[in-house]
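One structure below.
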Amino acid sequence: MSLALRCTAAFLLLGCARAVQTNAGPAAGPRTRAERTSYLETSRYADVISFLDSLRGRPELTFGSIGKTNEGRDIPYVIASRPRVATAAEARALSRPILYVQGNIHAGEVEGKEALLAILRDLTSSSRPNALDSVVLIAVPIYNADGNERFGHQEQNRGSQNGPEMVGVRANAQNLDLNRDYIKAEAPETRASLAMFNTWDPDVFVDLHTTDGSYHGYALTYAAPLNPAAPLGMWTRDSIMPLLRQRMQSRHGFPTFDYGDFIDDDTLSKGWATFDSRPRFGTNYYGLRGRIGILSEAYSHDPFERRVKSTYAFVREILSLAAEKSAGIRKKFTVPTQIPIRSSMIPAPDSIGVIAEVMDRTGDSTRTQAGVPKGRRRTGRYLTVKMPVMDRFRPTLSASVPVRYVIPESDTQVVRVLRHHGITVGQASQALPNTQLMSEAYVFDVDSTIVAPRPFQGHREIRLTGRWRRDTRRIPAGSFIVSTSQPLGLLAVYMLEPQSDDGLVTWNYFDRELKPGGIYPVFKTGGVPPTP
Ligand SMILES: [Zn+2]
0 MSLALRCTAA
10 FLLLGCARAV
20 QTNAGPAAGP
30 RTRAERTSYL
40 ETSRYADVIS
50 FLDSLRGRPE
60 LTFGSIGKTN
70 EGRDIPYVIA
80 SRPRVATAAE
90 ARALSRPILY
100 VQGNIHAGEV
110 EGKEALLAIL
120 RDLTSSSRPN
130 ALDSVVLIAV
140 PIYNADGNER
150 FGHQEQNRGS
160 QNGPEMVGVR
170 ANAQNLDLNR
180 DYIKAEAPET
190 RASLAMFNTW
200 DPDVFVDLHT
210 TDGSYHGYAL
220 TYAAPLNPAA
230 PLGMWTRDSI
240 MPLLRQRMQS
250 RHGFPTFDYG
260 DFIDDDTLSK
270 GWATFDSRPR
280 FGTNYYGLRG
290 RIGILSEAYS
300 HDPFERRVKS
310 TYAFVREILS
320 LAAEKSAGIR
330 KKFTVPTQIP
340 IRSSMIPAPD
350 SIGVIAEVMD
360 RTGDSTRTQA
370 GVPKGRRRTG
380 RYLTVKMPVM
390 DRFRPTLSAS
400 VPVRYVIPES
410 DTQVVRVLRH
420 HGITVGQASQ
430 ALPNTQLMSE
440 AYVFDVDSTI
450 VAPRPFQGHR
460 EIRLTGRWRR
470 DTRRIPAGSF
480 IVSTSQPLGL
490 LAVYMLEPQS
500 DDGLVTWNYF
510 DRELKPGGIY
520 PVFKTGGVPP
530 TP
């Protein structure tokens, strides 16, 4: 029904002003495009900007841009806190959790954008105490702004999603999936978000998405950092997520569960499996920075309005819980002596009941709901089936952490990307005695380079086999030096280890220098001797 028609119909009963009021949401202020259209439409870039402009002047808010997209759009951020903060130094001085919440990384998945706008409005509509008294919120509602503007029909852009009719696309304007770009950092959007991470060092990163798979019984599914090298990953999974789950149910009536899909839709008892542990995915990446990442996935087969509301409730509960669990969330870690760099998915210790929706066949080719394949029908009947839940990873290969990595002077691209990540890279000075003999150096002999058969994100990913060997090496003047005793030392190890499942070798940074029978150009010195 169009908005005008709805208003006319409502006017007969209540008067139109009252009907509009009913749609206005819980707090005073502007309404999102989703709210104004009774959840028939989602915001364009211009809608987001004008909504944010209408919040200017609210005393809790600071406005800015994290950087520009490929097509030159500013990616807006809003920082919300009481008292208001304008700089990272001011935020740190408050000694409270800083949360970075991002919507629209996949621009067809639109409820995060709408929920974040509503949250900014609602948290600043009255002076009553709320989470902004205890946390600093950095909201980035329209991260993939270029993707958002490539509006097309849902059927085209988001095949298994229940509306709205017109949405953006998954990729950015370079056709890159920004949620596979966190290590290689090729997109200007990624580099802009890394710069924000480096400046603000948020304690929690929340990435808002929509599912695109199984017919399950949850309004929203979630994941903590899945990489076993993430220092706070397990704590987040076992101490934060169960509380969020409980509160989503008891306070909002939204059932939630660990993100996943049924392994086999026809034989549910085979299990439920999460996605991937590699740090190309934002929330896993954020875990390797020693912080907390939370993936939020609203259920794509729910109506748009319910998806906005479940995402809204989830983010609000995360803000409140971060305030309560401030000490655990802000816990600092030291880089261990061994770091997992490859891993494989394993089940939780016990089988768990997972809710599935029973799907019927219609016997013809009609489409029963947007996002449901032709000839299939949702029944509204749900089964709880006990099954293995693959929600975690165990290390299959670990790296010994050296004191430092030594990178050839010619590898300037490698140094550039490390610095985008905020990793400190020094250089062996010309002024010092220009060679230093290291008796405890380790070099990696390459047995083979395995190239992925198919291109992915414009790359043919590389995997190396080989072994470490002890050697005596000089550090030539001009070499780049990465110390592991720095705040992002763990991330540096993950990116520089030659056998890492998602490091710079993977993304072709060393292709020129890699040959079977040769050596990996980066060597390491000091620390625990690597196992050969
Ligand atoms: Zn997504």
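By numbering that gives the first Met the number 0, the letter at position 17 of the sequence shown is numbered 16, and the numbering carries on one by one without gaps.
For each residue, glycine too, the CB sits at the ideal point set by N, CA and C.
This structure is a prediction, so every number in the text was calculated from the model and none was measured.
N- and C-terminal bounds of the beta strand (DSSP E) containing residue i
i, result
"L207", "V203 to T209"
"I328", "Careful: I328 lies outside any beta strand (DSSP E), inside the alpha helix (DSSP H) at S325 to I328."
"T448", "L436 to V450"
"P75", "D73 to A79"
"R380", "R375 to M386"
"R469", "I461 to R473"
"V414", "From DSSP, V414 is part of no beta strand (DSSP E) but of the alpha helix (DSSP H) over T411 to H419."
"E296", "I291 to A297"
Residue burial classification, residue i (beta-carbon count within 10 angstroms, cutoff 16)
i, result
"Q20", "Residue confidence for Q20 is low, a pLDDT of 33 falling below 50, so the modelled location carries little weight; the figure read from the coordinates is stated next. With fewer than 16 Cβ atoms within 10 Å of its Cβ, Q20 is classed as exposed."
"R127", "exposed"
"E188", "buried"
"V413", "buried"
"G362", "exposed"
"V357", "exposed"
"G502", "buried"
"R179", "buried"
"A23", "Caution applies to A23, whose pLDDT of 40 falls short of 50 and renders its modelled position unreliable; the value that the coordinates give is listed next. Answer is exposed; the Cβ neighbour count stays below 16."
"V450", "exposed"
"H152", "exposed"
"T336", "exposed"
"P475", "exposed"
"E154", "exposed"
Selection from the options that minimises the alpha carbon distance to residue i
i, options, result
"R380", "A355, T367, L93 and A476", "A355"
"T273", "Y221, P372 and V314", "Y221"
"E89", "V134, Q101 and N129", "V134"
"Q456", "H105, F150, K183 and K67", "K183"
"I48", "A451, M358, Y142 and V384", "Y142"
"W199", "S238, L93 and D257", "L93"
"I104", "E148, A130 and G502", "E148"
"E408", "A427, S399 and A398", "A427"
"P401", "A440, P387 and P372", "A440"
"L436", "S192, T378, K523 and L396", "K523"
"R55", "P29, L382 and V504", "P29"
"F204", "M240, A228 and Y285", "Y285"
"F253", "M233, K308, R290 and P241", "K308"
"N171", "A476, N507, F150 and G158", "F150"
"R418", "K324, Q173, M494 and T378", "M494"
"E34", "R306, D211 and P339", "R306"
"E113", "S276, F303 and L242", "F303"
Beta carbon of residue i nearer than 8 Å to that of residue j
i, j, result
"R469", "P528", "yes"
"T310", "A297", "yes"
"L60", "I78", "yes"
"L463", "L287", "no"
"Y76", "I118", "no"
"T255", "L219", "yes"
"R466", "D444", "yes"
"I518", "V442", "yes"
"D410", "P515", "no"
"G107", "L115", "no"
"I97", "D202", "yes"
"P497", "P227", "no"
"Y44", "R72", "yes"
"V384", "V353", "yes"
N- and C-terminal bounds of the alpha helix (DSSP H) containing residue i
i, result
"A130", "Per DSSP, A130 belongs to no alpha helix (DSSP H) and is neither H nor E."
"G362", "Neither: G362 is in no alpha helix (DSSP H) and is coded neither H nor E."
"I48", "Y44 to L54"
"F196", "P187 to W199"
"Q160", "Counting along the chain, Q160 falls outside any alpha helix (DSSP H), and DSSP gives it neither H nor E."
Residue i at chain C interface by Cβ criterion, 8 Å
i, result
"M344", "No chain C appears in the structure shown, which is made up of a single protein chain."
For the stretch 263 to 272 against the stretch 477 to 492, do three or more pairs of beta-carbon atoms, one drawn from each stretch, fall closer than 8 Å, so that the two count as touching?
no
Three or more C-beta pairs under 8 Å: does that hold for the stretch 154 to 174 against the stretch 234 to 252?
no
Do the stretch 385 to 394 and the stretch 222 to 235 touch if we need at least three Cβ pairs shorter than 8 Å?
yes
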